[in-house]
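Read top to bottom, the protein sequences are chains A and B. Our numbering puts the first residue of the first sequence at 1, with every later residue one more than the last. Our numbering puts the first residue of the second sequence at 402, with every later residue one more than the last. In what follows, a structure is listed as structure tokens, so that the remarks can point back to it.
2 protein chains.
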Amino acid sequence: MDMHTLTRELQVKNSSKIVMLVADGLGGLPMTPGGKTELETAKTPNLDALATRGVQGLSIPVKPGIAPGSGPGHLGLFGFDPLRYQIGRGALEATGIGFQMKPGDVAIRCNFCTIDNSGKITDRRAGRISSEESAPLAISLRQIKIPGVEIFVEPVKEHRFVVVFRGEGLSGNVKDTDPQAVGVLPLDPVAADAASQKTAQVAKEFLKQAKEILKSEKKANFHTMRGFAARPDLPSYEEVYGLRAAAIAVYPMYRGLASLVGMDIVGTATTLQEQVQVLKEKWNDYDFFFLHYKYTDSTGEDGNFDEKVKRTEELDSCLPAITALNPEVLIVTGDHSTPAYLKSHSWHPVPTLLVSDCCRPDPHTTFGETSAITGGLGQFEAQYLMLLALSNAGRMGKYGA
Amino acid sequence: MDMHTLTRELQVKNSSKIVMLVADGLGGLPMTPGGKTELETAKTPNLDALATRGVQGLSIPVKPGIAPGSGPGHLGLFGFDPLRYQIGRGALEATGIGFQMKPGDVAIRCNFCTIDNSGKITDRRAGRISSEESAPLAISLRQIKIPGVEIFVEPVKEHRFVVVFRGEGLSGNVKDTDPQAVGVLPLDPVAADAASQKTAQVAKEFLKQAKEILKSEKKANFHTMRGFAARPDLPSYEEVYGLRAAAIAVYPMYRGLASLVGMDIVGTATTLQEQVQVLKEKWNDYDFFFLHYKYTDSTGEDGNFDEKVKRTEELDSCLPAITALNPEVLIVTGDHSTPAYLKSHSWHPVPTLLVSDCCRPDPHTTFGETSAITGGLGQFEAQYLMLLALSNAGRMGKYGA
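Written out as structure tokens, the structure is:
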């Protein structure tokens, strides 16, 4: 059974506040046998104090052994089964630059490329053209008109941009035009099902007009299209949980993911301190706050153990300002592990801490991967964390009589 | 979602080696309150050294409280949901003697029996006739001809043999003819669904001809048929995991199970030492090795605690030769528990140890049921173990962007 069938039925309204602080890529690994992880190495007096009051455990983002991307990682934390709900590449890219997709929209990742006189691709990334050069070119494609379809073109970075089609009868099941090779012609956009025929036709017309517009360019004289994807159909926090939810995130990707589940994107913070300031300002307007902290992930991706330790300590230092607000439920977790040792997202379960006045604390007085193994939350799939949040906030009635 | 949908998409090829050492029936129980299990009693310095480097936990073969047979026990370890994929008895028996079933085949377990002049069974096992006597009789049944069906008859042991029907339109849902009693007539083979009508008719004709061929025998003058079963439709290791897999097993049953998931059966070892020798010889030819060790199960089934302890120590002694090969991932587990105390397969979760350079070790320095409770792998369903194996070997990309 979908857990949202339950939460829709059992949700209870009250004045409680829930804060979910997501330290991206929080979980780690020791660099040497017998060593400590990044989180265990970091001096985290505030997290440890919360561990003493709270209960910890290990969150499995998807299933044991599966390393998730940011999309499924966050969907799980938001209480959506990440194997059921999938966000297509184009939709994730559009979301990641803050584009607000509407139901029925189809988003496409595009790459500027170079073609020769015969139309064959000579460079799939147009010489990795700079953002400064490519953005005006992407914007020039906004002059493309196709009857019955509204078109959005948004620059991304370097050779990348996003196209979104809005209109009746569009579906996202269209094959990539990038042949993944040079010396060959780009492929035609081909519908993989009947419902996507119109999308394929619109894409073909878009490519035709784009070729004409770009023809005098030296490097970026054409583009490919891939990752066609409709907006995923995700029910909202308000509907499934009865929560007015706000996202306080610096990076567009996480703002976008939160907006897909109906959170309001609030503030324009660029540092964690500023994010906490936004939290304070918006405290009375929402029931649920998603705070996203990026740097535990990016430092892990860089393989920089010491910097990840520092960034974890920075995270720790922001906690007193959050606990001073006295949220009924405070959760500190991550969407996945990003061990500096692996320089990538990993499958390892994520240390997760929950504090409330009725959380049934475990005996741990520090927060980390090793203590979480024997924490009171045990090992659990991330998609159940929102149920724990709601119950600890007194926002879930009992199931059955 | 079927995990193989993911592994097909996310699999990555590299040069890593994965060894899965399955000690059949590994988990146990204390014989007296407060006592230790077989594994905890055994002196296992090598397993303990691996526990220090690795991470352990408890594998739940099917679901909590379910004691599996060898079939579902191994399917789980191989990453196949044992509640979804089922192997019928006949298919398991045919597989167990190394018969290569093809899709559409139906296999049947047959027992020679003794009937009296009125056709009633006087001995359901034909006096437990010796293999020497029964094998020629089974082979004599190969003269049976039935139009439109290819027939295979293979001796097994003592009174047992296997019949396989191959042809169009055969299904395996036919009821046993063994009445499970003496002094009564054997039953007719009855189809339990429309698709199995032809199989039932063929079986009836087979029994008629067999009766004629065997009529002058003193002991084995007829036979029963039971466990009718089509070949299970299992995707292969190569296809779902991208692994060239080899099985090094002494007993035909486990060789057969491995062959159903597309593993090559290599070597002719009869001892664990010889199995490890085969492992060395085949090291460069495969990515994944399944080593099966039977005696932790058979001694448990015998209720012989001390002998199971000894066999566990024998298992331990073979480990240095395996670790000397430096597999990227080494797993030691069992397909189920077989406590000497119960003299049978049981539902208890199975101590499972995984060693790799990125396994996130837990603090344990011994391997056993009690330490596994607080191991870093937690309690997990066996069907996820292959995901962990692949990820630890760097053979799984991330799920979603």
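Glycine residues also receive a C-beta, built at the ideal position from the N, C-alpha and C atoms.
According to DSSP, simplified to helix, strand and coil, what is residue i?
i: His4(A); result: helix
i: Pro446(B); result: helix
i: Gly491(B); result: helix
i: Arg627(B); result: strand
i: Asp316(A); result: helix
i: Leu588(B); result: coil
i: Gln581(B); result: coil
i: Arg160(A); result: strand
i: Asp123(A); result: strand
i: Tyr295(A); result: helix
i: Gly69(A); result: coil
i: Phe706(B); result: helix
i: Ile545(B); result: coil
i: Tyr800(B); result: strand
i: Pro155(A); result: strand
i: Asn512(B); result: strand
i: Glu606(B); result: helix
Would you call residue i buried or exposed, if buried means 16 or more other Cβ atoms sit within 10 Å of its Cβ?
i: Ser416(B); result: exposed
i: Met402(B); result: exposed
i: Asn793(B); result: buried
i: Lys418(B); result: buried
i: Ser738(B); result: buried
i: Asn111(A); result: buried
i: Gly242(A); result: buried
i: Asn518(B); result: exposed
i: Glu569(B); result: exposed
i: Asp285(A); result: exposed
i: Gly499(B); result: exposed
i: Leu440(B); result: buried
i: Gln275(A); result: buried
i: Lys398(A); result: exposed
i: Thr766(B); result: exposed
i: Lys620(B); result: buried
i: Glu555(B); result: buried
i: Leu593(B); result: It should be noted that the sequence gives Ala, not Leu, for residue 593(B). Its Cβ having fewer than 16 others within 10 Å, Ala593(B) is exposed.
i: Val12(A); result: exposed
i: Ser747(B); result: buried
i: Ser259(A); result: buried
i: Gly96(A); result: buried
Tell me, to the nearest whole angstrom, how far the beta carbon of residue i is from that of residue j; I am working on the premise that it is less than 8 Å.
i: Phe340(A); j: Gly303(A); result: Here the sequence assigns Ala to residue 340(A), which means Phe is not the residue at that position. That belief holds up - the Cβ atoms of Ala340(A) and Gly303(A) are roughly 5 Å apart, short of 8 Å.
i: Lys280(A); j: Leu325(A); result: 7 Å
i: Gly573(B); j: Ala630(B); result: 4 Å
i: Leu788(B); j: Ile66(A); result: 6 Å
i: Tyr293(A); j: Leu257(A); result: That pair is no contact at about 14 Å.
i: Phe165(A); j: Ala138(A); result: Not a contact, Cβ separation roughly 15 Å.
i: Thr445(B); j: Thr713(B); result: 7 Å
i: Lys667(B); j: Ala647(B); result: It is worth fixing the name first, because residue 667(B) is Val in this sequence and not Lys. About 5 Å separates the two Cβ atoms, so the contact holds.
i: Leu77(A); j: Asp335(A); result: 6 Å
Measuring CA to CA, which of the options is closest to residue i?
i: Ala295(A); options: Leu10(A), Val19(A), Gly27(A); result: Looking at the sequence provided, one finds Tyr at residue 295(A) rather than Ala. That would be Gly27(A), whose Cα lies nearest to the Cα of Tyr295(A).
i: Met263(A); options: Gln273(A), Glu274(A), Arg244(A); result: Arg244(A)
i: Lys310(A); options: Pro30(A), Pro33(A), Ala42(A), Leu6(A); result: Ala42(A)
i: Ile331(A); options: Ser337(A), Thr338(A), Leu319(A), Leu342(A); result: Leu319(A)
i: Cys359(A); options: Gly394(A), Leu342(A), Thr370(A); result: Gly394(A)
i: Ser298(A); options: Glu307(A), Lys63(A), Glu238(A); result: Glu307(A)
i: Asp233(A); options: Arg8(A), Ile87(A), Leu21(A), Glu168(A); result: Ile87(A)
i: Gly69(A); options: Asp287(A), Gly79(A), Asp316(A), Arg89(A); result: Arg89(A)
i: Asp24(A); options: Pro361(A), Glu168(A), Thr333(A); result: Thr333(A)
i: Val583(B); options: Ile516(B), Thr724(B), Asp594(B); result: Ile516(B)
i: Pro136(A); options: His159(A), Val261(A), Gly119(A); result: His159(A)
i: Asp482(B); options: Gly769(B), Val463(B), Pro590(B); result: Val463(B)
i: Asn368(A); options: Asp48(A), Arg255(A), Asp362(A), Ala249(A); result: The sequence as given places Gly at residue 368(A); Asn does not occur at that position. It is Asp48(A) whose Cα lies nearest to the Cα of Gly368(A).
i: Asp763(B); options: Arg8(A), Ala194(A), Gly34(A); result: Gly34(A)
i: Glu328(A); options: Lys343(A), Leu390(A), Lys36(A); result: Leu390(A)
Looking at the C-beta of residue i, does it have a partner C-beta in chain E at a distance below 8 Å?
i: Lys464(B); result: Chain labels in this structure do not include chain E; the protein chains are A and B.
Are there three or more Cβ pairs, one per stretch, closer than 8 Å when the stretch 89-103 of chain A is compared with the stretch 197-214 of chain A? no
Contact between the stretch 375-386 of chain A and the stretch 66-77 of chain A: three or more CB pairs below 8 Å? yes
Would you say the stretch 575-585 of chain B touches the stretch 613-628 of chain B, given that touching needs at least three Cβ pairs under 8 Å? yes
Quick check: the stretch 455-463 of chain B against the stretch 753-770 of chain B, are at least 3 beta-carbon pairs closer than 8 Å? yes
Counting Cβ pairs closer than 8 Å, one from the stretch 665-672 of chain B and one from the stretch 529-545 of chain B, do we hit at least three? no
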